[in-house]
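Below is one structure; the comments refer to it alone.
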Amino acid sequence: MKASVHIINKAPLSEAAILSLHNLLLTNGIHYIQMPDVQTGRFFLYTFLRLFLPYKNSGCLTFNTMPLEPYVTALHSSFEENDDVGIKKELLGEKDFFYDICHFDFIWIEKDTQFAHADIITIFENMFIEHQLETRIPVLIIDYVC
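Offset between the sequence shown (1-based) and my numbering: plus 2.
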């Protein structure tokens, strides 16, 4: 499945952009969006989740300290380990983390290349592809290009 890339670097979005992104976020597969910062990305997603999308069980993999809204599950809190080595072991097979998250109907990953956990997020992204979970749900990867 071919991934799509959208760049959002200003607000407000045009009506055409909103409709295009609405369709994108309803489509199974891995989709990439570039945002200028976490605040913009979260505002965008929360708006879509509350107003436009039918998802009832959303998850987010982030290592950002900004709290998620109460209706979004923080996937990183599902890890039994707190350090990078332990998390990598869980992702790479010591515990099959992906079978535990199959109940989500929408997941997004916040990817910040300057962030210390960038390699864990890349492993997570690759495991999604390997387990073909993106064929069952939309997976949005937000790259913050601050």
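Idealized CB from N, CA, C, for every residue including glycine.
* Asked: Apart from the five residues just before and just after Thr64, which ones in its own chain have a Cβ nearer than 6 Å to its Cβ?
  -> Glu112
* Just tell me which of Gln134, Gly31, Val40 and Leu51 has its CA closest to the CA of Ile20. => Leu51
* Asked: How many angstroms separate the CA atom of Gly43 from the CA atom of Met37?
  -> 6 Å
* Alpha-carbon to alpha-carbon, Val141 and Ile32 -> 5 Å
* From this set, Ala18, Tyr57 and His105, which residue's C-alpha is nearest Thr29's C-alpha? -> Tyr57
* Check the C-beta distance from Ile143 over to Glu127 and give it rounded, since I have them as a contact under 8 Å. => 6 Å
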